[in-house]
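One structure below.
Number of protein chains: 2
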Amino acid sequence: MNIWHYVAVADLISILNASFGFISVLMVTGGYLILASDFMLLAVIFDSLDGWVARRTEEVDVTSFGKNMDSLSDVISFSVAPGLLLYSACSSFSVPNINILVALLIVICGILRLSRFNVLADSTDVPSEDKFVGLPIPITALILGSFYLSGMFRMDLALIIMALVAVLMISTVDYPKYKGVKLMIGGGVLIIATCLPQYILSSIAYLPAKLLFIFTTIYVLIMPLMEFYGKLHKSGPNVR
Amino acid sequence: MNIWHYVAVADLISILNASFGFISVLMVTGGYLILASDFMLLAVIFDSLDGWVARRTEEVDVTSFGKNMDSLSDVISFSVAPGLLLYSACSSFSVPNINILVALLIVICGILRLSRFNVLADSTDVPSEDKFVGLPIPITALILGSFYLSGMFRMDLALIIMALVAVLMISTVDYPKYKGVKLMIGGGVLIIATCLPQYILSSIAYLPAKLLFIFTTIYVLIMPLMEFYGKLHKSGPNVR
């Protein structure tokens, strides 16, 4: 029952994920929204790293301790942190309290999304290995963090995008799952570049953030648009 | 796979728990620490209510969706919210950054505690029904919220108490589990009274908060002290 009996290497990376998410929350509270975006984006790297390490070390998560650590870290980094950042970044929006409502929506849809994910992972009729049911939760951090750092942040657009992201998380829209190491490294480099430019690379500042924002937006939109197109034409491959 | 297929009445109360926890976080960010304490304490009521409703409605949580919703809400209300409140309430403490470290400790020990709880709840060698392994997590909100509202809040004491609470959460010390309806109602009334006095009952202001703080402190300390006493006398009933 000693707690360290359960803790695997991957769980230490989950702890880093949660810590970066919580430091992002501290940064918002201190008014450092750029740093908050950076920490939230770096948490995404640790989140994809812990799954990768778990597969590499072949530690079998018999007790589901690792799965619990993973989702409890995710709710901090990808629900509370982006919700609070959105609330704070949109605090001067013309319609009062809309920022509170959308922030709450992100938190509530986040815990619903994580709970369903864990149930589906346990069930025997698991959806195929290469897809997610509903938009995966780290997208909240990727899209909001990159948008905030892109130099083209707008409160109205941010609120609309994040409300849409929250609803797509609890939808039944299928999203492709990419596990390749090359993509993970490429994504990691792009995230780190997004966190750097405003301090170091002033000549190409905002470019990595803009790229990251555009890639993420395409990922968010393409599947629902394909389903919609499929439904319009009745015989499309994505009709349910 | 539609998410509403899984959601039971108890889960709606978990959502209220998470929402109050998140509003507590928003209040800290706005600098309203008294309101933040109130919302955090009220989240404790919803947390005990969701377990009670789940037992009364006899909804069987076959898929563990409810258990996931419960712990994901708890991490917001009883790890992130108290961690952030402590950080903010102790921001002018003489030793710099100690507030960040203790806040991080609460978050990390919180996710470890919740993960172990879920593993033990699943396992066949469940500890007896009437005890918890390690200090239960809502104590973080009860002790910090009541201390902050008691009129005798001190930064140094708060940091020491919360570091101790964090470590006791991941310890193997057994804590008694009280499920009685009368105790739940009594506790709920005391929590509500704690949240009211500073605005309404100025004559007895701080009294409910002081009572709640003292009861919680006794609960936190009595079990480790008994174990320590038992170990000293080698034949004590709590020796392992």
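Going down the list, the sequences are from chains A and B.
Numbered according to our numbering, the first sequence spans residues 21 to 260.
Numbered according to our numbering, the second sequence spans residues 21 to 260.
Virtual Cβ for every residue (Gly too), placed ideally from N, Cα, C.
Note that the coordinates shown come from a computational prediction; the quantities given were computed from them, not determined experimentally.
Notebook entry, point to check: Since R136 of chain B meets chain A, which of its residues come closer than 8 Å, beta carbon to beta carbon?
Noted result: M21, I23, Y26, F85
Margin query: Under 8 Å, CB to CB, which of the residues in the region 110 to 128 of chain A have a partner in chain B?
Written below: I120, A123, L124, V127, I128
Whole angstroms are fine: how far does the CA of D31 of chain A sit from the CA of T83 of chain A? 13 Å
Give me the Cα-Cα distance between Y26 of chain A and R136 of chain B, rounded to the nearest whole angstrom.
8 Å
Practice problem: Pick helix, strand or coil for F233 of chain A, following the three-state DSSP scheme. | Solution: helix
Where M89 of chain B meets chain A, residues with beta-carbon distance less than 8 Å: I131, L132, S135
- What's the C-alpha gap between G207 of chain A and A213 of chain A? 10 Å
On a Cα-Cα basis, can you pick out the residue from B:V139, B:Y52, B:G41, B:G86 that is closest to F88 of chain A? The amino acid at residue 88 of chain A is misidentified as Phe; the sequence shows Asn. If we check each option's Cα against that of N88 of chain A, B:V139 comes out closest.
What are the residues that DSSP puts in a beta bridge with F152 of chain B? B:Y195
Check: Okay, do the region 66 to 81 of chain A and the region 173 to 187 of chain A touch, 3+ Cβ pairs below 8 Å being the bar?
Finding: no
Exercise. Please name the residues in the region 96 to 109 of chain A whose beta-carbon is closer than 7 Å to at least one beta-carbon of chain B, in chain order.
Key: I96, V100, G103, L104, Y107, S108
query: Alpha carbon to alpha carbon, what distance is there between V100 of chain A and F248 of chain B?
result: 38 Å
_At a CB distance below 7 Å, what residues from the region 43 to 63 of chain B approach chain A? Give them in sequence order._
V45, L46, V48, T49
Return helix, strand or coil for R174 of chain A, following the three-state DSSP convention. coil
Coil, strand or helix - N321 of chain B by DSSP:
Given that chain B is displayed from residue 21 to residue 260, the structure contains no residue 321 of chain B and the question cannot be resolved.
_Measuring straight from C-alpha to C-alpha, what distance separates I234 of chain B and A141 of chain A?_
43 Å
Quick one: Cα of S170 of chain A to Cα of L164 of chain A, how far?
-> 10 Å
Residues in the region 187 to 209 of chain A with C-beta within 7 Å of chain B's C-beta atoms, listed in sequence order? I190, T192
Q. What is the residue span of the alpha helix (DSSP H) that L203 of chain B lies within?
A. 201 to 215
(message) Any beta carbon from chain B within less than 8 Å of D70 of chain A's own beta carbon?
(response) no
Exercise. DSSP state of P228 of chain A, grouped into three classes?
Worked result: helix
Report task. Quick one: measure Cβ to Cβ for F42 of chain A and V127 of chain B, integer angstroms, because I've assumed they're closer than 8 Å. Result -> 5 Å
Would a check of beta-carbon distances place M92 of chain B closer than 8 Å to chain A?
The sequence given here places Leu at residue 92 of chain B; Met does not occur at that position. So yes, L92 of chain B belongs to the interface.
- request: Please decide whether I234 of chain B counts as near chain A, where near means a Cβ-Cβ distance under 8 Å.
  value: no
Between which residues of its own chain and M47 of chain A is the CB-CB distance below 7 Å, once the five residues before and five after are set aside? L55, A56, F59
Residue-chain proximity (I35 of chain A, chain B), Cβ-Cβ < 8 Å: yes
Quiz prompt | DSSP three-state assignment for N119 of chain A, whether helix, strand or coil | solution = helix
inquiry  = Assuming the contact rule is C-beta atoms closer than 8 Å, I96 of chain B and L69 of chain B should be a hit. Round their C-beta distance to whole Å, please.
reply    = With 8 Å as the limit, I96 of chain B and L69 of chain B do not qualify as a contact, their Cβ atoms being about 16 Å apart.
Next item on the list: Identify, in the order they occur along the chain, each residue of the same chain with its Cβ nearer than 8 Å to the Cβ of I190 of chain B, setting aside the five sequence neighbours on each side.
Entry: C129, L132, R133, R136, G154
- Task: Could you check the C-alpha separation between N22 of chain B and L188 of chain A for me, to the nearest Å?
- Result: 12 Å
ask   = If you check the beta carbons only, do N37 of chain A and S91 of chain A fall under 8 Å apart?
value = no
Taking C-alpha atoms, which residue in A:L184, A:P102, A:L203 lies nearest to A123 of chain A? A:P102
Practice prompt. Along the alpha helix (DSSP H) that carries D262 of chain B, what are the first and last residues, could you check?
Written response: The question about residue 262 of chain B has no answer here: the residues shown for chain B are numbered 21 through 260.
Q | Proximity test, Cβ basis, 8 Å: A38 of chain A and chain B | A | yes
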